[in-house]
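For reference, the structure discussed in these notes is given below.
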Amino acid sequence: MRRRRPTSRCCGSTTPRTRTASTRLSRRSRTRRPSVARPSDGLTYTFHLRSEAKWADGKPVVAADWVYGWKHFLNPALAAGYVDPFFDQTIAGGSGYSDVDVKSAPAIDSYLNGLGLSAPDDHTFVVKLAQPAGYFKWVASLWMAVPLRKDIVEQAAGGAFPSTDTTKAEAWANDPRTIVGNGMFKIAEYTPKDHLTLAPNTYFWGGPPKLQKLTYSFIADGNTAFANYRTGQLDALLVPVADVITVRQDPQLSKQARLYPRLGTTWVAYNSKRAPLDNADVRLALSKAIDRDKLTKDVLKGTATPIQSFIPKGMNGYDPSLGDAQKFDPAAAKQLLQKAGVTAADLSKFKLLTRDLTGNKTVNQFISQQWQDNLGVNIAVDVVDSKTVTSDVRKGQFDIYGPDGWIADYPDQQDWFDIFTSTACHSLNWGCVSLPGYDRTVAQADGGKTDPARNAVYQKAQKQVIDAGTVGFLYQSAEYTLIRPYVRGLTVTPMDDQGIPGDLQYHDAFIAKH
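Here numbering that gives the first Met the number 0 is used: the first residue of the sequence shown is 0, the next is one more, and so on.
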């Protein structure tokens, strides 16, 4: 539950329920409903906080809690995910994040006190940016951009502590009893690797939610989860691909199934540090040798949509015409290999790394067979446990890795382009593909004040990513989900967390009599 590692799906899915950011996603998922945010000159965002907002223990939420929460998150000693590039590159004074001596409390304190964060009064939180960032209103809504109580953090730590002491800084997050939030729910019970139960926060400014209890079950095995749904132990479930046909053919389950599109794109990553994968023609050849229609129809059973471009359908910036460079064309793929002077034997030395998950293995086995059938290339699937895969990918110890991808954190295409910058090598740009001028293009787009100005530049960056074969785009994700008919009041959006439909708008969800 620690904010030091906010990139985990655990924290991403529960934080919005127990904590409220300074802006909230509207029911239509395309606009911000302020809690409140008012941009002024493009560099200064002034958040006018709700006077009625309270913590789950009844104490008022004040602007100082926001300043403390953001500074806690931006403490370099905690090495939190998502600081770069969303926060340190946008907030005034934040660019020195990576250069701070994390063993020096004075250095950390000086950095944090120099950030453009202030609280002029109890109900006003001000954020100053280093440069214009038209997308920042979305960043302010992320699940890690939340307030935090200094008194609770210090109480859990046994008193005040130096900013270098990460153990004490995180102590509050290791015990559900000291995780006090300001969202519509509060943590009632937490059993690691088993379940998390939330209960209504009676002090929530919008009134308590209708659900009296919300339980997340942690089930690693898809077969077990599916069996639990069938026996009535679960009310909602993301259907494992292996069970999609079973659900569709079942007269009862098929009526409970829904297919929800997501703002997500899946791909395979090529390690450009390993020749000849440093050659764009080789990467494009491998990408053009994959029949995405067959993949989504036969392997994914229609639970995904083929895609050859970067930005997914439904998001500003989606342009399928940009994906022609990766269009399925085995003959053209062979010509690209000939042009590059690369033989099937040159590529057959490589392995396709995948996590030891049924869905991932199935997708990669299909891709491997496609390369064999269409190029005569024998690239074996290397199935490894998830922990090792994460470590190897971060170290660049792989040839080709997948399925990888990105799911939107917020509905603005800016969220996507930092993935392939040079600074993201071994971070999100796992293959470390070099794109000349790309960083400057993205920076120019990020600094735009209006959406039309930004979008035109982002389109240029998107085309560069696709044409360079930076990764091999595969499909746009969707979720085939089972939901009990007595679960009512859900407002599902493409921004919901993975496998949890309607999770952004649980306030009005309820269980009907049955």
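All C-beta atoms, glycine included, are put in the ideal place defined by N, C-alpha and C.
{"query": "If you follow the alpha helix (DSSP H) that His-71 is in, where does it begin and where does it stop?", "result": "62–72"}
{"query": "For the pair the segment 309–316 and the segment 402–412, tell me if three or more CB-CB distances fall below 8 Å.", "result": "yes"}
{"query": "Among Asp-193, His-194, Gln-211, which has the Cα closest to the Cα of Thr-201?", "result": "Gln-211"}
{"query": "From this set, Asn-173, Ile-90, Ala-279, which residue's C-alpha is nearest Val-464's C-alpha?", "result": "Ala-279"}
{"query": "Report yes if the CB atom of Ala-79 is closer than 9 Å to the CB atom of Ala-129, and no otherwise.", "result": "no"}
{"query": "Does the beta-carbon of Lys-149, which I'm using as the reference point, lie nearer than 8 Å to any heavy atom of the ligand ATP?", "result": "Absence of the ligand ATP from the depicted structure is noted, as is the absence of any ligand whatsoever, leaving it without description."}
{"query": "Which value, in whole angstroms, describes the spacing of the CA atoms of Asp-120 and Ser-253?", "result": "54 Å"}
{"query": "State buried or exposed for Tyr-485, treating a residue as buried only when at least 16 other CB atoms are found within 10 Å of its CB.", "result": "exposed"}
{"query": "Quick one: measure Cβ to Cβ for Thr-43 and Val-125, integer angstroms, because I've assumed they're closer than 8 Å.", "result": "7 Å"}
{"query": "Just grab the DSSP bridge partners of Asn-428 for me.", "result": "Cys-424"}
{"query": "Would you grab the beta carbon distance between Phe-509 and Lys-70 for me? Rounded to a whole angstrom, and I think it's under 8 Å.", "result": "The pair is not a contact, with the Cβ atoms about 38 Å apart (cut-off 8 Å)."}
{"query": "Identify whether Lys-102 lies in helix, strand or coil by the three-state DSSP scheme.", "result": "coil"}
{"query": "When the distance is taken between beta carbons, is Trp-171 closer than 9 Å to Thr-521?", "result": "The displayed coordinates of the chain run from 0 to 513. Any statement about residue 521 would go beyond what the structure contains."}
{"query": "What is the C-beta distance between Lys-404 and Leu-285, in whole angstroms, given that I count them as a contact (C-beta under 8 Å)?", "result": "The identity of residue 404 in the sequence shown is Gly, whereas the question assumes Lys. Wrong, their Cβ atoms sit about 17 Å apart, outside the cutoff."}
{"query": "Which term fits Thr-30, buried or exposed, when burial requires 16 or more other beta carbons within 10 angstroms of its beta carbon?", "result": "Residue confidence is low: Thr-30 scores 43 on pLDDT, short of 50, so the model does not pin down where it sits. Its coordinate-derived value is still stated next. Thr-30 is exposed by the Cβ-count criterion."}
{"query": "With DSSP as the reference, label Glu-51 as helix, strand or coil.", "result": "coil"}
{"query": "Within its chain, find whatever has a CB closer than 7 Å to the CB of Phe-522; leave out the 5 residues flanking it on each side and keep chain order.", "result": "Outside the shown range of the chain, which is 0 to 513, sits residue 522, and nothing can be said about it."}
{"query": "Hey, how far is the Cα of Ala-517 from the Cα of Trp-415?", "result": "Absent from the structure is residue 517, since the part of the chain shown begins at 0 and ends at 513."}
{"query": "By the DSSP assignment, the alpha helix (DSSP H) with Phe-184 in it spans what residues?", "result": "That residue, Phe-184, is in no alpha helix (DSSP H); its beta strand (DSSP E) goes 184–190."}
{"query": "Excluding the 5 residues flanking His-506 on each side, which residues of the same chain have their C-beta closer than 7 Å to its C-beta?", "result": "Met-183, Gly-205, Pro-208"}
{"query": "Look at Gln-325 and Gln-307 and say whether their C-beta atoms are less than 9 Å apart.", "result": "yes"}
{"query": "For Gly-395 and Leu-352, what's the separation of their Cα atoms in angstroms?", "result": "12 Å"}
{"query": "Around the Cβ of Ile-310, are there at least 16 other Cβ atoms within 10 angstroms (buried) or fewer (exposed)?", "result": "buried"}
{"query": "Assign Asp-40 to buried or exposed, taking buried as 16 or more other Cβ atoms, counted over all protein chains shown, within 10 Å of its Cβ.", "result": "exposed"}
{"query": "Can you give the beta carbon distance from Val-60 to Leu-73, rounded, assuming they're within the 8 Å contact cut?", "result": "Contact flag wrong, Cβ pair sits at about 19 Å."}
{"query": "Fully enclosed by the segment 100–162, which beta strand (DSSP E) runs are 3 residues long or longer?", "result": "116–120, 123–127"}
{"query": "Within its chain, find whatever has a CB closer than 7 Å to the CB of Ala-423; leave out the 5 residues flanking it on each side and keep chain order.", "result": "Asp-417"}
{"query": "Are the segment 294–303 and the segment 356–372 in contact at 8 Å, needing three or more beta carbon pairs?", "result": "yes"}
{"query": "DSSP three-state call for Arg-354: helix, strand or coil?", "result": "strand"}
{"query": "Given a cut-off of 9 Å, decide if Ser-162 and Asp-108 are closer than it, judged by their beta-carbon atoms.", "result": "yes"}
{"query": "From the DSSP output, in three-state form, read off Pro-311 for me.", "result": "coil"}
{"query": "Thinking just about the alpha-carbon of each residue, which of Tyr-269, Leu-283, Ser-320 is nearest to the one in Trp-429?", "result": "Tyr-269"}
{"query": "What is the DSSP secondary structure of Asp-381, reduced to helix, strand or coil?", "result": "strand"}
{"query": "Considering only the beta carbon of each residue, do Gly-498 and Leu-237 sit closer than 9 Å?", "result": "yes"}
{"query": "Among Pro-146, Leu-141, Ala-106, Val-99, whose alpha-carbon lies nearest the alpha-carbon of Leu-116?", "result": "Pro-146"}
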